[in-house]
Amino acid sequence: MTDHVSMALLERYATGGQGIAADTLWAVEAHLEGCAPCRERLGEAVVRRSPEATALLAAVRAKLATEVASSPQMPAQATRRVGRWVPPGIWPRLAMTIVVIAAALVLDLLGGGQFVLLVAPVVPLLGVAAVWSAGLDPAHELVVASPRAGLFMVLRRTLAVLLVVIPALTVAGALAGASPARWLLPCLVFTAGALALGELIGLRWAASALALVWTAGVIAPSVLAARAPLILEPVSLPYWAGLLAVIAVALVLRRDAYTGLRSETWSVR
Amino acid sequence: MVRAVSTAETAATAYAWTIHADGLRVRAGRRMAVDGLDLAMDTGVHGLLGPNGAGKTTLVRSIATVLRPAGGTLTLLGEKVNGRLDLRGLRRQVGYLPQEFGYYRRFTVREFVEYIAWLKDMPAAETPGAVQRAIDRVGLTDRADDRMKTLSGGMVRRAGIAQAIVNDPRILLLDEPTAGLDPDQRLQLRALLRELGTDTCVLVSTHLVEDVAAACTDVLLIDAGRLVFQGVPADLAAAGDSAGTSAGTSAGTSDSAAERGYSAILRRHRRERES
Amino acid sequence: MGAVPSTMDEEYLVRRIALGDRVAFDELYRRTSPWLLVRLRRRCADDELVAEVMQETYLAVWRAAGAFAGASVGGTAVGWVWTIAARRLVDALRRRAREAQPPPAVLNAPAAPAAEDQVLDAQVGDAVGAALRRLSPELRQVLQAMVLDGLTVRETAVLLGLPEGTVKTRARRARIALREALS
Chain A
2 MTDHVSMALL
12 ERYATGGQGI
22 AADTLWAVEA
32 HLEGCAPCRE
42 RLGEAVVRRS
52 PEATALLAAV
62 RAKLATEVAS
72 SPQMPAQATR
82 RVGRWVPPGI
92 WPRLAMTIVV
102 IAAALVLDLL
112 GGGQFVLLVA
122 PVVPLLGVAA
132 VWSAGLDPAH
142 ELVVASPRAG
152 LFMVLRRTLA
162 VLLVVIPALT
172 VAGALAGASP
182 ARWLLPCLVF
192 TAGALALGEL
202 IGLRWAASAL
212 ALVWTAGVIA
222 PSVLAARAPL
232 ILEPVSLPYW
242 AGLLAVIAVA
252 LVLRRDAYTG
262 LRSETWSVR
Chain B
16 MVRAVSTAET
26 AATAYAWTIH
36 ADGLRVRAGR
46 RMAVDGLDLA
56 MDTGVHGLLG
66 PNGAGKTTLV
76 RSIATVLRPA
86 GGTLTLLGEK
96 VNGRLDLRGL
106 RRQVGYLPQE
116 FGYYRRFTVR
126 EFVEYIAWLK
136 DMPAAETPGA
146 VQRAIDRVGL
156 TDRADDRMKT
166 LSGGMVRRAG
176 IAQAIVNDPR
186 ILLLDEPTAG
196 LDPDQRLQLR
206 ALLRELGTDT
216 CVLVSTHLVE
226 DVAAACTDVL
236 LIDAGRLVFQ
246 GVPADLAAAG
256 DSAGTSAGTS
266 AGTSDSAAER
276 GYSAILRRHR
286 RERES
Chain C
189 MGAVPSTMDE
199 EYLVRRIALG
209 DRVAFDELYR
219 RTSPWLLVRL
229 RRRCADDELV
239 AEVMQETYLA
249 VWRAAGAFAG
259 ASVGGTAVGW
269 VWTIAARRLV
279 DALRRRAREA
289 QPPPAVLNAP
299 AAPAAEDQVL
309 DAQVGDAVGA
319 ALRRLSPELR
329 QVLQAMVLDG
339 LTVRETAVLL
349 GLPEGTVKTR
359 ARRARIALRE
369 ALS
């Protein structure tokens with residue numbers, strides 16, 4: 002800034018600015034906020050011209066000295082960004098997910114089964130259920146009443162869950178011989194399906210219902226028959242892809258369900 | 016600094032009431048908890064009284080835009096609340112302390128209030144100052160960086176109020192804010208409520224009649240989902256005085272006039288409804 | 189800790205304060221408090237209230253410096269200090285409002301431009317400057333609170349002791365007057 006404020010003007014400003022033209026006063030105030038040297042000179046002007054302001058400054062300074070000595074300061078390391086992507090109450094659920102994947106892996110390694118592959122489509126639902134649920138997120142009531150409530154936030158939180166679950170599944174799958182090509186698409190279909198069904202009956206119930214259907218309809222028969230189900234074979238992939246597209250459309254069409262304004266008749270708390 | 020002021024900001028206010036309900040019906044489970052309620056509120060502190068199950072919490076939740084009205088109209092800041100309304104702009108101007116205030120136990124007070132400020136779409140640059148100010152206003156300065164789980168019940172409640180006021184809401188909804196507060200804290204809260212009431216529409220749901228008498232500019236009494244009384248606290252006390260002389264029997268000496276007025280109005284309303 | 193070099197800017201000082209550096213805090217106070225005091229006193233005639241606001245503001249800076257240092261997205265440290273102070277001033281006036289009448293806001297008498305004042309062209313263009321000068325004090329006051337001080341309509345209403353509707357009307361009139369002056 003080339004145009005600094007003249008000392009004469011600063012001195013008049015320091016004593017209340019009487020008699021300075023309005024636009025000059027405006028310019029002085031705007032300038033002072035961005036100009037350290039002029040603020041410094043204003044300090045000198047105050048000392049020279051305004052004894053009562055100087056006294057006031059000293060008094061506040063003295064009070065501050067004692068207050069600051071006894072006042073708690075926020076810890077410097079407390080600047081950690083708290084979970085914006087992940088709902089803060091979700092960690093127990095994610096831990097549970099990892100335990101389930103590990104258990105499936107152990108069963109596979111010991112017994113030569115296909116458990117990692119079989120649980121892969123539904124295991125994210127453990128975490129997804131907690132993404133938007135009154136029972137699993139303590140501050141849910143505040144979240145649904147907030148401006149950020151909506152499908153975008155649900156998707157962000159779901160993505161955070163998947164970013165934990167999919168790598169874990171990939172590692173377990175590599176050890177157990179279940180390639181992501183076979184389970185990744187079903188996994189996404191169930192996740193998206195839970196979100197879409199959740200728009201109708203609540204996410205927690207939707208996740209439970211889908212997990213139950215998969216367990217009863219696919220996991221149990223496969224374990225009894227001791228072979229991988231056809232729907233997890235590569236030939237089924239086009240059907241999964243088609244299903245995912247349909248679900249995605251349904252999810253977006255009914256997105257307002259996640260913006261709040263629930264009717265208490267269906268929403269299960 | 017030099018901020019740009021938008022035209023929308025300075026547009027003339029086109030609504031008469033901050034909160035206006037007309038024949039409002041809201042469902043809680045299978046029950047119609049708010050059933051044909053008419054209500055008009057503006058800036059000030061409004062005390063919401065009523066027996067348990069009268070529909071206080073359901074009314075507060077519908078104004079918080081958590082519950083959808085099943086019938087009638089609810090108009091907030093001139094916007095009709097229904098499925099078509101884009102709630103985002105409205106919700107930025109609302110602060111809400113739910114009756115069952117859930118929080119993250121491992122968060123510090125500051126982190127929690129900061130998280131809510133983020134949920135409320137506050138600009139990142141303004142957040143630190145706003146958070147510190149909200150914490151200072153509820154008197155939790157000394158505990159700002161302690162984890163929520165280490166706080167007493169009264170302190171948790173005050174942290175709940177801090178998150179509700181962090182965005183300087185136009186509509187502030189406090190459901191049972193005095194629960195768990197000791198007498199001294201309740202006095203401080205009343206002072207804060209009066210301060211907020213100078214330019215905010217504060218709705219305080221409570222079962223403590225004396226809180227309303229002390230801190231509110233306006234009293235609302237609801238029963239069975241309907242408004243049965245709205246007036247200044249002195250009117251409630253006046254109803255109690257007349258009831259005290261006519262009934263005269265059961266009114267104990269320790270009951271305040273406002274409390275007697277509260278039960279007199281409820282009794283009269285219930286008699287009228289039955290007949 | 190040690191002496192803070194005078195070449196360090198206020199943002200650096202805030203980062204030092206976040207680490208508990210009292211010397212940096214004193215230096216920030218020395219550098220910014222005269223400016224803040226003069227600016228606040230031009231907006232509130234009650235010195236006691238101004239002192240209270242000053243104290244609250246710098247305490248907030250001390251307590252939450254870590255958060256300010258972390259949220260270094262746009263804005264300067266001096267800008268933050270002003271934002272805190274403006275909000276706290278409005279709070280103090282709200283508290284005062286429920287006890288008694290608010291202290292009179294400082295209303296400058298319109299003055300003819302003195303010859304020695306050179307208008308800062310970088311800040312206010314000649315046309316705007318002339319329009320600002322011609323604006324009635326009531327309108328200018330509202331404009332100043334909202335544009336220069338960054339307050340909302342509601343906060344302006346508390347600061348000036350006016351109804352919100354009046355603030356809005358005056359803001360609209362001021363805007364129209366300025367637009368006419370520029371066209």
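Chains as they are written, first to last, in this note's numbering: chain A, 2 to 270; chain B, 16 to 290; chain C, 189 to 371.
For every residue, glycine included, the Cβ atom is placed at its ideal position computed from N, Cα and C.
Of all Cβ atoms in chain A, is any one closer than 8 Å to the Cβ of residue i?
| i | result |
| --- | --- |
| B:Lys-135 | yes |
| C:Pro-351 | no |
| C:Arg-227 | yes |
| C:Ser-221 | yes |
| C:Leu-366 | no |
| C:Gly-317 | yes |
By how many angstroms is the C-alpha of residue j removed from the C-alpha of residue i?
| i | j | result |
| --- | --- | --- |
| B:Gln-114 | A:Pro-139 | 13 Å |
| A:Ser-180 | B:Thr-215 | 59 Å |
| B:Val-153 | B:Val-41 | 32 Å |
| C:Arg-361 | C:Val-335 | 14 Å |
| C:Glu-199 | C:Ala-255 | 12 Å |
| B:Asp-37 | A:Phe-116 | 58 Å |
| B:Arg-282 | B:Ala-254 | 12 Å |
| B:Ala-228 | C:Asp-214 | 46 Å |
| A:Leu-163 | A:Thr-216 | 20 Å |
| B:Ala-273 | C:Arg-283 | 26 Å |
| B:His-284 | B:Ala-252 | 17 Å |
| A:Val-145 | B:Thr-72 | 16 Å |
| B:Ser-27 | A:Ala-46 | Note that residue 27 of chain B is Ala in the sequence shown, not Ser. Taking the straight line from one Cα to the other gives about 43 Å. |
| A:Trp-241 | A:Ala-182 | 12 Å |
| A:Ala-173 | B:Lys-164 | 36 Å |
| C:Arg-321 | C:Val-330 | 14 Å |
| C:Thr-344 | B:Glu-225 | 33 Å |
| B:Val-234 | B:Arg-121 | 38 Å |
| B:Gly-62 | B:Asp-157 | 30 Å |
| A:Thr-159 | B:Leu-155 | 34 Å |
Report all residues from its chain with a CB closer than 6 Å to the CB of residue i; omit the five preceding and five following residues, and keep chain order.
| i | result |
| --- | --- |
| B:Val-75 | Leu-188, Asp-190 and Ser-220 |
| A:Ile-232 | none |
| A:Leu-95 | Gly-128 and Val-165 |
Compare the C-beta of residue i against all C-beta atoms of chain B and say whether one is closer than 8 Å.
| i | result |
| --- | --- |
| A:Val-269 | Any answer about A:Val-269 is weak, because its pLDDT of 40 lies below 50 and its placement is not dependable; what the coordinates show is given next. No - not a single Cβ of chain B is within 8 Å of the one on A:Val-269. |
| A:Val-47 | no |
| A:Gly-203 | no |
| C:Val-341 | yes |
| A:Arg-256 | no |
| A:Arg-149 | yes |
With DSSP as the reference, please indicate the residues paired to residue i in a beta bridge.
| i | result |
| --- | --- |
| B:Tyr-111 | B:Leu-188 |
| B:Gly-86 | B:Arg-40 |
| B:Ala-55 | B:His-35 |
| B:Arg-46 | B:Ala-43 |
| B:Phe-127 | Paired residues: none, contrary to the question. |
| B:Cys-216 | B:Gly-59 and B:Ile-186 |
Once the 5 residues before and after residue i are set aside, which same chain residues still bring their CB inside 7 Å of it?
| i | result |
| --- | --- |
| A:Met-97 | Leu-127 |
| A:Ala-251 | Ala-197 |
| B:Leu-223 | Thr-193 |
| A:Gly-194 | Leu-211 and Ile-248 |
| B:Ala-179 | Gly-110, Tyr-111, Leu-112, Leu-187 and Leu-189 |
| A:Ser-51 | Ala-15 and Thr-16 |
| B:Gly-168 | Gly-195 |
When the cut-off is 8 Å and only beta carbons count, does residue i lie next to chain C?
| i | result |
| --- | --- |
| A:Val-236 | no |
| B:Glu-289 | no |
| A:Gln-1 | Any question about residue 1 of chain A goes unanswered here, given that chain A covers just 2 to 270. |
| A:Ala-15 | yes |
| A:Trp-133 | no |
For residue i, which residues in the same chain have their Cβ closer than 8 Å to its Cβ, ignoring the five residues on either side in sequence?
| i | result |
| --- | --- |
| C:Ser-221 | Met-242 and Tyr-246 |
| A:Val-101 | Val-120, Val-124 and Leu-127 |
| B:Val-128 | Val-146, Ala-149, Ile-150, Ala-174, Ala-177, Gln-178 and Val-181 |
| A:Cys-39 | His-5, Val-6, Leu-11, His-32 and Leu-33 |
Original post:
Of all the alpha helix (DSSP H) runs that stay within the bounds of the region 82-128 of chain A, which reach a length of 4 or more residues?
Top reply: 92-112 and 116-120
Subject >> Any beta strand (DSSP E) of 3 or more consecutive residues that is wholly inside the region 210-266 of chain C >> reply: Whole beta strand (DSSP E) segments, 3+ residues: zero.
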